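Written out below as structure tokens is the structure these notes cover.
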Amino acid sequence: LTARLISKELNGKTVQILTSMCDPLRYPKADVVDLYGHRWEIEHGFREMKQHLLNNELTLRSKKPELVRQELWGVVLAYNLLRFMMAQMAYSLKDVEPYQMSFKQSALYLRSHLSLLPGISGGKIPRIMEEIMAMAPGLVLPERRVRHYPRAVKKKPQRYPLRPPLRS
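For the sequence shown, the working numbering assigns the number 11 to the initial residue and increments by one for each residue that follows.
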């Protein structure tokens, strides 16, 4: 396995990225560093699927392997459809990226509007799509704060709840 070490000076600190994208002409240093900064958006996507589409459930409903696979594909399909609609709404606005839209609010809004489509005549669908696009500015999140925390070991949760205070 060959790898490429990329070093970049950011805020007075040297950051090193080890990547398998070895061709410097095909993958310039600046592009790799920029993509590395977006890596957390993938983690946010997994969190959105688990929290909002699976409702924080610890287990899936299905028991058989093929049904678990089907359930997971359904979640991925629903997530991608929501993200596709969010991307369309974001690009209808100026200078807004899809990750700047509220996933939870967009999912609730789109679910309520798109669930009406099966009972509506085909001629009314363009008007509903225009209404969906008109709602896009209300779904944009405020700018994220730039935060950086040093690495730390998280405290383990307590095994038992704290004892309630004694009544006197």
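Backbone N, C-alpha and C fix where the C-beta goes; we use that ideal spot for every residue, glycine too.
Treat the numbers as computed from the prediction; the structure is a model and nothing was measured.
Which listed residue (the options) has its alpha carbon closest to that of residue i
i           : options            : result
residue 113 : 63, 73, 39         : 63
residue 101 : 143, 24, 154, 34   : 143
residue 116 : 89, 135, 137, 72   : 89
residue 25  : 31, 15, 33         : 15
residue 55  : 123, 111, 134, 168 : 111
Spatial distance of residue i from residue j (CA atoms)
i           : j           : result
residue 146 : residue 126 : 19 angstroms
residue 159 : residue 23  : 14 angstroms
residue 83  : residue 61  : 16 angstroms
residue 140 : residue 52  : 29 angstroms
residue 32  : residue 46  : 15 angstroms
residue 42  : residue 138 : 40 angstroms
heavy atom of the ligand COA below 6 angstroms from residue i C-beta
i           : result
residue 119 : Absent from the structure shown: the ligand COA. Ligands present: none.
Unbroken beta strand (DSSP E) run spanning residue i, endpoints
i          : result
residue 19 : 14 to 20
Kindly confirm or deny that the region 101 to 120 and the region 133 to 151 touch, where touching means at least three C-beta pairs closer than 8 angstroms.
-> Touching, yes.
Evaluate contact between the region 92 to 99 and the region 69 to 83, counting only Cβ atoms and requiring at least three cross-stretch pairs below 8 angstroms.
-> no
Contiguous alpha helix (DSSP H) assignments of at least 4 residues, all confined to the region 54 to 131 = 75 to 101, 113 to 124
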